[in-house]
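Remarks on the structure that follows.
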Amino acid sequence: MNKVLSNKEFSSPDDSAVVRNDTTKRKQEDKGLQESRCHLEQGVTKRTSQLENANKKKRTVKLKAAYDELKELEAQKDIFISIIIHELQTPLTSIKGFSQLLMDNSIAKIDTKTRHYLDIINRNSERMYHLIRDLIDSTKINLGQIKMFSTNVNVYSIFNEIKEIMEEIFNDKKIIPVFHIENDLPNINADPGRVIYILKNLLMNAVQATESGGTVTLKIYKNGKCVQFEVQDTGIGISEENQKYIFKRFYQVKYPLTKQFTGPGLGLSICNGLLELMNGVIWFESAPGKGSKFYFTLPIEVNVKHP
Ligand SMILES: Nc1ncnc2c1ncn2[C@@H]1O[C@H](COP(=O)(O)OP(=O)(O)O)[C@@H](O)[C@H]1O
Ligand SMILES: [Mg+2]
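In this note's numbering, the protein residues as written are 6 to 312.
And the structure:
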């Protein structure tokens, strides 16, 4: 009977050595292959990161160039605005001056109708004058050309002056004013004209935001090494979305149903710029329908002895 031999039975000791040799060789080849793949992967990772870095650098250079260009354009725009403003200032001064002169009865007798028209010219040129002043200040702050006259300022004289300026405005709009100033406040180091400007802008904003019968409060008190000013209203408030942009130049909140705010949207950005230059800080809290509270600080004068 024929015996069918299995493969195992066929293979001789020599055959198994060949097989073992083959396996070892394959294993070595696999290892080599794995090593070179690993090497390749490392190379790819290294090169990718080099390329990413190079791209990042290129992007940064490009971004910086775009930013510089934008800054340059912004500066050119401000220079252009200041040229136009100066051209507008001369005729405006004439309009304002001559309309006031005509209203003075000693120059010529004027009837009620003419007086009414002259009054309109006068009020509008006054508004334009303030707009021009704001534009000049705003461009100067942006160009770093504003001059401050910081000195030793008595806070009580500021308080009395702003109270007097605002009295008629509060009366006209039937707003209830609340004034409070702490006793024995030290002097501050600031430019008094600029402090009045900041207070007037905040108080005018508060008046514009508030309906007749509402309250606007001004408080002044000491806070650490500063004197803190607080202007609060019970008015319309500012939404969270608008709060982010309120200190931006020309930013005006759009109130669809009311026409409360009529200015160019420069006041708060100027206040912010002026306070930075006087080492002060401005911030606020507000909620729609609940009113707003604006705060700013100014440093206490250190060159004089305080009680
Ligand atoms: N107290 C406030 N309550 C509600 N909205 C305010 C208040 N103060 C400022 N705003 C909003 O911020 C905008 C910018 O104010 P501001 O920079 O003072 O502009 P402007 O120069 O026109 O007075 C205003 O148009 C108004 O919408
Ligand atoms: Mg304002």
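Just so it is clear, CB atoms sit at the ideal spot from N, CA and C, and this is done for glycine as well.
Treat the numbers as computed from the prediction; the structure is a model and nothing was measured.
Chain-order list of residues whose beta-carbon lies under 7 Å from that of residue i (same chain, five-residue window excluded)
i	result
Q105	N127
L93	I137
K8	In this prediction, K8 has a pLDDT of 48, which is less than 50 and means its spatial position is unreliable; what the coordinates show is noted afterwards. If we look at K8 and ignore the five residues flanking it on each side, it has no Cβ neighbours.
K205	I167, I170
K295	G242
F164	I186, I225
Cβ shell of residue i (< 6 Å), same chain only, five flanking positions each side left out
i	result
K224	H185, E235
F175	P182
L282	M153
F299	L207, V236, F289
P293	G242, S244
S291	G242, I243, S297
beta-carbon residue i near ligand 2 non-hydrogen atom, thresh 7 Å
i	result
M209	yes
N247	no
N206	yes
G296	no
G240	no
G272	yes
Proximity test, residue i beta-carbon vs ligand 1 heavy atom, cut-off 7 Å
i	result
I243	yes
F266	yes
K258	For the sequence presented, residue 258 should be read as Val rather than Lys. Checking every heavy atom of ligand 1 against the Cβ of V258, one is found closer than 7 Å.
P269	yes
I251	yes
D139	yes
A292	no
A195	no
A59	no
A71	no
A214	yes
Cβ neighbours of residue i in the same chain (closer than 8 Å, five flanking residues each side left out)
i	result
I100	I126, S130
F266	N210, Q213, A214, Q257, V258, Y260
S217	K178, K179, I180
Legend entry - Ordered list of alpha helix (DSSP H) runs contained in the segment 42-120, each at least 4 residues: Qualifying alpha helix (DSSP H) stretches: none in this window.
Exercise for review: Ignoring anything shorter than 3 residues or poking outside the segment 116-187, list the beta strand (DSSP E) runs there in chain order.
Suggested key: If you keep only unbroken beta strand (DSSP E) runs of at least 3 residues inside the segment 116-187, you get 156-158, 181-186.
Unbroken beta strand (DSSP E) runs of length 3 or more, entirely within the segment 199-238: which are they?
The segment 199-238 contains these whole beta strand (DSSP E) runs: 220-228, 231-238.
message = Tell me whether the segment 194-204 and the segment 146-166 touch, counting them as touching only if at least three CB pairs, one residue from each stretch, are closer than 8 Å.
response = Here the segment 194-204 makes contact with the segment 146-166; the two share three or more CB pairs at distances below 8 Å.
Task: Every unbroken alpha helix (DSSP H) within the segment 260-308, with a cutoff of 4 residues, ordered by chain - done: Counting only runs of at least 4 residues, the segment 260-308 fully encloses the following alpha helix (DSSP H) elements, listed from N- to C-terminal order: 272-282.
- Quick one: any contact between the segment 270-284 and the segment 141-151, if contact means 3 or more CB pairs under 8 Å? The segment 270-284 is in contact with the segment 141-151.
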